[in-house]
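Each residue of the sequence shown is one higher than the one before, starting from 2 at the first, in my numbering.
Here the structure is laid out as structure tokens; the discussion comes afterwards.
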Amino acid sequence: MKILVTGATGTVGGLVARQLSGSGHQLVALIRDPSKADLPADITIVEGDLTDASAVRRALDGTDRAFLNMADDNGAVFADAAAEAGLGHTVLLSSFTAVTELPSGPANIITARHQAGEQALMRAGVPSTSLRAAGFDYNILMWVDGAVDGVVRAPNADVKLPVVDPADIAAAAVAVLTATDPKPGAYSITGPQRLSVRDQVAIINETLHRSYTVQEISQAEAATAAFPQGTPDFVTTSVLETMGPGAAVLVPSGDVQTLTGKPARPFRAWVADNAKAIA
Numbered sequence: 002m003k004i005l006v007t008g009a010t011g012t013v014g015g016l017v018a019r020q021l022s023g024s025g026h027q028l029v030a031l032i033r034d035p036s037k038a039d040l041p042a043d044i045t046i047v048e049g050d051l052t053d054a055s056a057v058r059r060a061l062d063g064t065d066r067a068f069l070n071m072a073d074d075n076g077a078v079f080a081d082a083a084a085e086a087g088l089g090h091t092v093l094l095s096s097f098t099a100v101t102e103l104p105s106g107p108a109n110i111i112t113a114r115h116q117a118g119e120q121a122l123m124r125a126g127v128p129s130t131s132l133r134a135a136g137f138d139y140n141i142l143m144w145v146d147g148a149v150d151g152v153v154r155a156p157n158a159d160v161k162l163p164v165v166d167p168a169d170i171a172a173a174a175v176a177v178l179t180a181t182d183p184k185p186g187a188y189s190i191t192g193p194q195r196l197s198v199r200d201q202v203a204i205i206n207e208t209l210h211r212s213y214t215v216q217e218i219s220q221a222e223a224a225t226a227a228f229p230q231g232t233p234d235f236v237t238t239s240v241l242e243t244m245g246p247g248a249a250v251l252v253p254s255g256d257v258q259t260l261t262g263k264p265a266r267p268f269r270a271w272v273a274d275n276a277k278a279i280a
């Protein structure tokens, strides 16, 4: 079977590519800049951008299934090309925001992006599975990286969210991509428990023998601290809403285990695996 992986130079796409490597399938990665690719030797690289219809058609030539990490067009070009090619199945990296109403509603660019991506595949008639992921475990680095004085300053420090290990998202994608009969529909991909920033910092302290403390800051302070100068307000608002009270309605699901046969990994495991990345 021939499988296309997009976004293979990113976190989840890279994990999907590496988890598929050695599986015996014919693997292809569509990459904008091949010089940035550091992928296993059994993955063929096709140079091109997901917004370039001709490049997407080349990558889809003879392809049976694909992992889609959307580009700036929210999957529109891919959806049309996949329908034209008769692609058997697509696994879309989506987000819980596609079905969770955040304070700014459709003005939230993360919500709009993932709703558009899911709808593009549906309109084109491409068989698909949407992995609606919770916030990633590594989002804690937005706040820990600035803790040079030992104080983790973060907004919504007590809001509990079922953050997920990106490796579990990739494993769910690989399970669907390689299944004899891929499961269509949408799945809520979460971690096994709801954790606040304060909870996560406590786990980091216990696991890595650190002594961080946590200080609550305002949304405005967070926008200044965690985003490059000049970042538009609608961008910072959109991102911070995914970590705020509006996102707290999301609860742990068993969908990682449903798709992979294994329970979702706890945050503590991610911390242990990524100790070098934590300041």
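In this text, a Cβ means the ideal position worked out from N, Cα and C, and glycines have one as well.
As the structure is a computational prediction, the values presented were derived from the model and not from experiment.
Residue 221 versus residue 246: straight-line alpha-carbon distance, rounded: 16 Å
Using a threshold of 8 Å, state whether the C-beta atoms of residue 194 and residue 163 are closer than that. yes
Pull up the distance between the alpha-carbon of residue 55 and that of residue 150, whole angstroms please. 51 Å
What's the C-alpha gap between residue 50 and residue 32? 7 Å
8 Å contact criterion, which residue 291 and residue 60 should meet: CB distance rounded: Only positions 2 to 280 of the chain appear in the structure, and residue 291 is not among them; the question remains open.
Beta-carbon spacing of residue 91, residue 57 below 8 Å: no
Given this structure, state the Cα-to-Cα distance separating residue 285 from residue 140, to the nearest angstrom. Because the chain spans 2 through 280 in this model, residue 285 falls outside it and cannot be assessed.
Apart from the five residues on each side of it in sequence, which residues of its chain come closer than 6 Å, Cβ to Cβ, to residue 113? 107
Residue 345 classed as buried or exposed, judged by whether at least 16 other C-beta atoms fall within 10 angstroms: The displayed coordinates of the chain run from 2 to 280. Any statement about residue 345 would go beyond what the structure contains.
Completely contained alpha helix (DSSP H) runs for the region 71 to 107, where each covers 4 or more residues: 77 to 86
Using the three-state DSSP reduction, which class does residue 110 fall into: helix, strand or coil? helix
Quick check on the DSSP output: the beta strand (DSSP E) that includes residue 68 runs from which residue to which? 66 to 69
Going by C-alpha distance, which of 206, 169, 226 and 253 is nearest residue 262? 169
Which residues DSSP lists as bridging residue 153, in chain order: 215
Where DSSP assigns a beta bridge to residue 137, which residues make up the other side? 165
If contacts are defined as beta-carbon pairs under 8 Å, then residue 131 and residue 187 qualify, I think. What distance do you get, rounded to the angstrom? 4 Å
Comparing alpha-carbon positions, which option in 236, 142 and 270 lies nearest residue 278? 142
Could you check what DSSP says for residue 129 in three-state terms: helix, strand or coil? strand
Residue 167 burial status per 10 Å Cβ neighbour count (16 or more: buried): buried
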